[in-house]
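Chains as they are written, first to last, in the working numbering: chain D, 137 to 246; chain Z, 973 to 1088. No residue lacks a Cβ here, since even glycine has one placed at the ideal position from N, Cα and C.
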Amino acid sequence: GQSLEQPSEVTAVEGAIVQINCTYQTSGFYGLSWYQQHDGGAPTFLSYNGLDGLEETGRFSSFLSRSDSYGYLLLQELQMKDSASYFCAVSHTGGFKTIFGAGTRLFVKA
Amino acid sequence: SQTIHQWPATLVQPVGSPLSLECTVEGTSNPNLYWYRQAAGRGLQLLFYSVGIGQISSEVPQNLSASRPQDRQFILSSKKLLLSDSGFYLCALSPVLKLGMNTEAFFGQGTRLTVV
Chain D
137 GQSLEQPSEV TAVEGAIVQI NCTYQTSGFY GLSWYQQHDG GAPTFLSYNG LDGLEETGRF
197 SSFLSRSDSY GYLLLQELQM KDSASYFCAV SHTGGFKTIF GAGTRLFVKA
Chain Z
973 SQTIHQWPAT LVQPVGSPLS LECTVEGTSN PNLYWYRQAA GRGLQLLFYS VGIGQISSEV
1033 PQNLSASRPQ DRQFILSSKK LLLSDSGFYL CALSPVLKLG MNTEAFFGQG TRLTVV
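1. Are the beta-carbon atoms of residue 200/D and residue 168/D separated by less than 8 Å?
2. May I have the straight-line CA-CA distance separating residue 136/D from residue 1078/Z, to the nearest angstrom?
3. Give me the Cα-Cα distance between residue 244/D and residue 989/Z, rounded to the nearest whole angstrom.
4. Do residue 987/Z and residue 1054/Z have their C-beta atoms within less than 8 Å of each other?
5. Report the rounded CA-to-CA distance for residue 196/D versus residue 224/D, giving the unit in angstroms.
6. Taking C-beta pairs closer than 8 Å, name the residues in chain Z that residue 178/D reaches, listed in chain order.
7. Could I get the ranges of all uninterrupted beta strand (DSSP E) runs contained in the stretch 154-215 of chain D, with 3 residues as the minimum, in chain order?
8. To the nearest whole angstrom, what separates the beta carbons of residue 222/D and residue 172/D, a pair I think is in contact under 8 Å?
9. Put residue 245/D into one of helix, strand or coil per three-state DSSP.
10. Which residues in the same chain as residue 1058/Z place their Cβ atom closer than 7 Å to its Cβ, once the five residues preceding and following it in sequence are excluded?
11. Using C-beta distances below 6 Å, list every residue in its chain close to residue 202/D, excluding the 5 sequence neighbours before and after it, in chain order.
12. Is residue 1029/Z helix, strand or coil when you go by DSSP?
13. Would you please verify whether the beta carbon of residue 222/D is less than 8 Å from any beta carbon of chain Z?
14. With 8 Å as the threshold, decide whether the Cβ of residue 208/D is near any Cβ in chain Z.
15. I'd like the span of the beta strand (DSSP E) that includes residue 148/D, first residue to last.
16. Relative to the C-alpha of residue 1050/Z, which residue among 1015/Z, 1023/Z, 1019/Z, 1001/Z is closest?
17. Using a beta-carbon distance below 8 Å, is residue 234/D in contact with chain Z?
18. Starting from residue 1085/Z, trace the beta strand (DSSP E) in both directions and tell me its first and last residue.
19. Below 8 Å between beta carbons: does that hold for residue 1036/Z and residue 1048/Z?
20. Roughly how many angstroms lie between the CA atoms of residue 1032/Z and residue 148/D, to the nearest whole one?
21. Any idea if residue 979/Z is buried or exposed, counting beta-carbon neighbours within 10 angstroms, 16 or more meaning buried?
22. Which one of 228/D, 241/D, 242/D, 246/D has the shortest CA to CA distance from residue 139/D?
Okay, here's the thing in structure tokens:
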């Protein structure tokens, strides 16, 4: 079967750094993506890792270790607007599917 | 750039009534299309995906069906809604960069369905 595990909630203060972890179990793994969703809105793409290592996009970075079936999203210089749900998602080779984790609710406090 | 049109934004339907949600896309050809459902405060559950016209794969046995009559049109249907069908329904596309490569999914704004 397929499963993704990520913490349900994380709280951090404005200006801080927060890391959201994701572990997965799946066959035919192709890549790991991260999405942000504000309340009432649609998910928006943040980052993708197809290879091991770190990908940096502005204040957001994402990391993947295929051997450990593990990845994380790193958010730096947190802002109040970063309060949202963050989902990791696994893409599969040949199956054209993208499966999402249950999401991590990030609360940013002043 | 690709655009996803999804309507209506909100919908209230009685139990036992039929459902038809339509999703159309622009700015891309032969995309992979997806229907996801999200219960309040929960993650996204993949319901159906389609890699081409008339090609539908179902992920979860349920009261729903999907069809893709045209390359850029994806429809989610039900003959008789259940209370448990309530949720936030999201249409998504993934451009086909190369066979088997799915990297980024783009989402429509969703339909919030309440079955009463």
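The relevant details are as follows:
1. For the purposes of this step, residue 200/D is taken as residue 64 along the first sequence, with counting starting at 1. For the purposes of this step, residue 168/D is taken as residue 32 along the first sequence, with counting starting at 1. Less than 8 Å separates the beta-carbon of residue 200/D from that of residue 168/D.
2. Nothing in the structure corresponds to residue 136/D, since chain D is present only between 137 and 246.
3. On the first sequence, position 108 is the one that residue 244/D refers to. On the second sequence, position 17 is the one that residue 989/Z refers to. Straight-line Cα distance between these residues: approximately 42 Å.
4. One-based indexing of the second sequence puts residue 987/Z at position 15. One-based indexing of the second sequence puts residue 1054/Z at position 82. Cβ atoms of residue 987/Z and residue 1054/Z: closer than 8 Å.
5. To locate residue 196/D, count along the first sequence from 1; it is residue 60. To locate residue 224/D, count along the first sequence from 1; it is residue 88. Take the alpha-carbon of residue 196/D and the one of residue 224/D: they are about 14 Å apart.
6. Taking the first sequence and counting its residues from 1, the one referred to as residue 178/D is at position 42. Within chain Z, the residues near residue 178/D are 1062, 1079, 1080, 1081, 1082.
7. With a minimum length of 3 residues, the continuous beta strand (DSSP E) runs that stay inside the stretch 154-215 of chain D are 154-161, 165-173, 180-185, 189-193, 196-201, 206-211.
8. The residue given as residue 222/D occupies position 86 in the first sequence. The residue given as residue 172/D occupies position 36 in the first sequence. Your pair residue 222/D and residue 172/D checks out as a contact, with CB atoms roughly 6 Å apart and the cut at 8 Å.
9. The sequence position of residue 245/D within the first sequence is 109, counting from 1. The answer is strand: DSSP assigns residue 245/D an E or B state.
10. Here residue 1058/Z corresponds to residue number 86 of the second sequence, with the count starting at 1. The residues 1085, 1086, 1087, in chain order, have a CB closer than 7 Å to that of residue 1058/Z in the same chain once the five nearest residues on each side in sequence are set aside.
11. Residue numbering aside, residue 202/D sits at position 66 when the first sequence is read from its first letter. When the five nearest sequence neighbours on each side are left out, the beta carbons in the same chain lying within less than 6 Å of the beta carbon of residue 202/D are those of 188, in order along the chain.
12. Here residue 1029/Z is taken as the residue at index 57 of the second sequence, counted from 1. Judged by DSSP in its simplified three-state form, residue 1029/Z adopts strand.
13. What you label residue 222/D is simply residue 86 of the first sequence in a count that begins at 1. Output row for residue 222/D: interface = no.
14. Position 72 of the first sequence, counted from the start, is the residue given in the question as residue 208/D. No, residue 208/D does not count as interfacial toward chain Z.
15. Along the first sequence, read from residue 1 onward, the residue named residue 148/D stands at position 12. Note, residue 148/D: beta strand (DSSP E), 145-149.
16. Position 78 of the second sequence, counted from the first residue, corresponds to residue 1050/Z. Out of 1015/Z, 1023/Z, 1019/Z, 1001/Z, 1019/Z has the C-alpha closest to the C-alpha of residue 1050/Z.
17. Here the question's residue 234/D lines up with position 98 in the first sequence. Closer than 8 Å: yes.
18. For this step, residue 1085/Z is matched to residue 113 along the second sequence. Residue 1085/Z: member of the beta strand (DSSP E) spanning 1083-1087, first to last residue.
19. By 1-based counting over the second sequence, the position of residue 1036/Z is 64. By 1-based counting over the second sequence, the position of residue 1048/Z is 76. Yes, the pair counts as a contact, with Cβ atoms nearer than the cut-off.
20. Along the second sequence, one-based indexing puts residue 1032/Z at 60. Along the first sequence, one-based indexing puts residue 148/D at 12. One C-alpha to the other measures close to 36 Å.
21. Taking the first residue of the second sequence as position 1, residue 979/Z is located at position 7. Counting Cβ neighbours within 10 Å, residue 979/Z comes out exposed, since fewer than 16 surround it.
22. For the purposes of this step, residue 139/D is identified with residue 3 of the first sequence, where counting begins at 1. Comparing Cα-Cα distances from residue 139/D to each of 228/D, 241/D, 242/D, 246/D, the minimum goes to 228/D.
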